[in-house]
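Trainee:
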Amino acid sequence: MGTSRRKFTLEYRTEAAHRVIDSGRSVPEVARELAIGEHNLYRWVREERRRIEAANATGSPPLTAQERTELIRLRRELEELRKDNEFLGKAAAYFAAKPPRKRDSR
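In this note's numbering, the protein residues as written are 181 to 286.
Below, the structure is given as structure tokens:
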């Protein structure tokens with residue numbers, strides 16, 4: 181049987197790329213530290229540098245490490261709230277479709 185491919189979130193890829201960009205460390209060094217392929221990390225760094233250049237070209241500065249961390253945290257929180265909202269909507273629909281039974285009061 182073949183091994184399954186690992187999938188990395190955008191947040192993980194961005195954070196890994198910034199370990200190289202912000203620290204000035206080499207891609208092979210960071211790739212070993214994170215136990216990921218060098219080829220992937222080179223690609224992620226290249227993509228992140230393009231995003232930074234695009235942000236600079238439009239006049240908006242790239243996010244600082246602290247802003248990036250806050251953005252990641254807020255995105256996670258938003259996703260959790262969306263899941264909660266979806267669940268509550270389904271629960272409300274379920275209970276609206278089934279009115280409560282009346283109990284025999286004595």
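C-beta: ideal position from N, C-alpha, C; glycine also.
May I ask which residues mark the beginning and end of the alpha helix (DSSP H) holding residue 229?
Mentor: Against the sequence shown, residue 229 aligns to sequence position 49. Counting along the chain, the alpha helix (DSSP H) containing residue 229 begins and ends at 218-237.
Trainee: In the DSSP assignment, the alpha helix (DSSP H) including residue 189 goes from what residue to what residue?
Mentor: Your numbering for residue 189 matches position 9 in the sequence shown. From DSSP, residue 189 is part of no alpha helix (DSSP H); its letter is neither H nor E.
Trainee: Under 8 Å, with one C-beta from each stretch per pair, do the segment 209-224 and the segment 264-273 reach the 3-pair mark?
Mentor: Verdict: no, contact absent.
Trainee: DSSP three-state call for residue 243: helix, strand or coil?
Mentor: Within the sequence shown, the letter at position 63 stands for residue 243. In this structure, residue 243 counts as coil in the three-state DSSP scheme.
Trainee: Enumerate in chain order the residues of its own chain whose CB-to-CB distance from residue 232 is below 7 Å, with the five nearest sequence positions on each side excluded.
Mentor: Counting from one through the sequence shown, the residue named residue 232 turns up at place 52. Same-chain partners within the cutoff: 242.
Trainee: Would residue 241 count as contacting chain B if we go by Cβ distances under 7 Å?
Mentor: Checking the listed chains, one finds no chain B in this structure; it contains a single protein chain.
Trainee: Please say whether residue 245 and residue 224 have beta carbons closer to each other than 7 Å?
Mentor: Looking up residue 224 in the sequence shown gives position 44. Looking up residue 245 in the sequence shown gives position 65. No.
Trainee: Short of 8 Å in beta carbon distance, which residues of its chain neighbour residue 221, apart from the five on each side in sequence? Order them along the chain.
Mentor: Here residue 221 is taken as the residue at index 41 of the sequence shown, counted from 1. Excluding sequence neighbours, residue 221 sits near 196, 197, 200, 207, 210, 211 and 214.
Trainee: Around the Cβ of residue 249, are there at least 16 other Cβ atoms within 10 angstroms (buried) or fewer (exposed)?
Mentor: One-based indexing of the sequence shown puts residue 249 at position 69. It is exposed - the Cβ of residue 249 has fewer than 16 other Cβ atoms within 10 Å.
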